[in-house]
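A short write-up of the structure that comes next.
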Amino acid sequence: MSLMYIISRIQDGHIDPNPKWGVPEEEVVSNRTKLMSSRGLKNFVRMRAVHGNEVHVITGGNRAQWENKLMGGPVGDALVTKLLNIGLECDPGDCAMYIFFHGPSGTVGLAHSGREGSIRKVAVKTVEVMASYNGCSLEQYVGDVRIIQAPAICAEHYRMDYLDVPRDDVEDWRPHLQGAFDVESTDKENYVRLRGRDGPMGIDFVGYNASQLCKIGIKKEHLQLSSVCTYESEDYPSHHKAEVEGAKNGRFMVMAWMSDN
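Just so you know, we're using the numbering used here here: the sequence shown kicks off at -13 and counts up by one.
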C-alpha cells in the first residue's frame, strides 16, 4: 500500500467542468481520464468545496452515492478514506490543498483550505477526523501523519483590507499577516476584525496552516510545503489571475489515493 497523488498543470488542459471557461465537457472528461489513466486509477470522489470545515469520510457504505460523479460529489472541504484505489479530489484555484497520509492505519485525506478554511482550521480538523476514525487519540496519531501541500497563492498576491478571526487566534495569525493591523470589534460572537493599518494586508494562510498543524504535533519533517505561488507560476492555473488578467484556465486537479500496487 502506498500513497499516490496527482497535481495537474496547465499543460494537462482543463479539468474543471464549470462552463464559465467555455470548454466542452467532452474535452474536460478526456483530460481528466488521461491524467487518471496514466496513474492506473479509474475511480474518484470529487469534492465540491464551500470554504468551510466539514470533513466527509468515504466508506464502502457511502461511496456509491458520490463515486465518479463529476458534479455530484460531497459538499464540504475535506475527505478521508481507508478505501484503496479511489481518488479523493478537489480542484483549487489558489487555495491551499493538503494531502494527508497515515501509513500505519492505511488512511488518506484531502483538505481544501483558503482564507476561510484556514480560519476554521479545516486542515487540523482533517487530522482529528482521521485519528478518531481509527479509534486513536490525536496525540497517538499525529506522529506518523505525512502531509503534502499543493501550490497556492502567496501573501504578496493575496491581500485584503481586513480579516475576521476568532478572538483567541489573534496572536497565532499575527506572524502571518503582512503589515500592521488594528483589532476591531465585529458582530460575530467571539470574533474580532483585524484591519490593515496602512491598507490591504498580505495574508499568508499557508504559513498559518503550517503553524497550526505543527501545534497539534505534526512533525516539521513530515510537512512538505510548496514554494510555488499559483499567481506567479506559469505552470499552474490561478483563479485570481483569471479574474485579473483574463486567463482562460483557473483551476487544477489535486487528487490523492492509496494504491495496492
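We put the beta carbon where it would ideally sit given N, CA and C, even for glycine.
Bear in mind the structure is a predicted one, so any value in this text is a computation, not a measurement.
Distance between C122 and A35 (C-alpha atoms, nearest Å): One C-alpha to the other measures close to 27 Å.
Simplified DSSP state of Y148, which is helix, strand or coil: Correct three-state label for Y148: strand.
Three-state secondary structure (DSSP) of T67: Reduced to three states, the DSSP call for T67 is strand.
Close Cβ partners of A64 (< 6 Å) along its chain, the five nearest in sequence each way excluded: For A64, the CB contacts under 6 Å within the same chain, skipping 5 residues up- and downstream, are V41, A97, V108, T112 in chain order.
Distance, A138 Cα to M241 Cα: Distance between the alpha carbons of M241 and A138: 15 Å.
Burial state of P78 (16 or more Cβ within 10 Å): Counting Cβ neighbours within 10 Å, P78 comes out buried, since at least 16 surround it.
Alpha-carbon to alpha-carbon, E157 and N176: Taking the straight line from one Cα to the other gives about 15 Å.
Continuous alpha helix (DSSP H) stretch holding C200: start and end: Note, C200: alpha helix (DSSP H), 191 to 201.
Distance between G26 and M(-13) (C-alpha atoms, nearest Å): Cα to Cα, M(-13) sits roughly 14 Å from G26.
Best match in I44, G182, G58, A82 for proximity to V115 [C-alpha to C-alpha]: Here the closest residue by C-alpha is I44.
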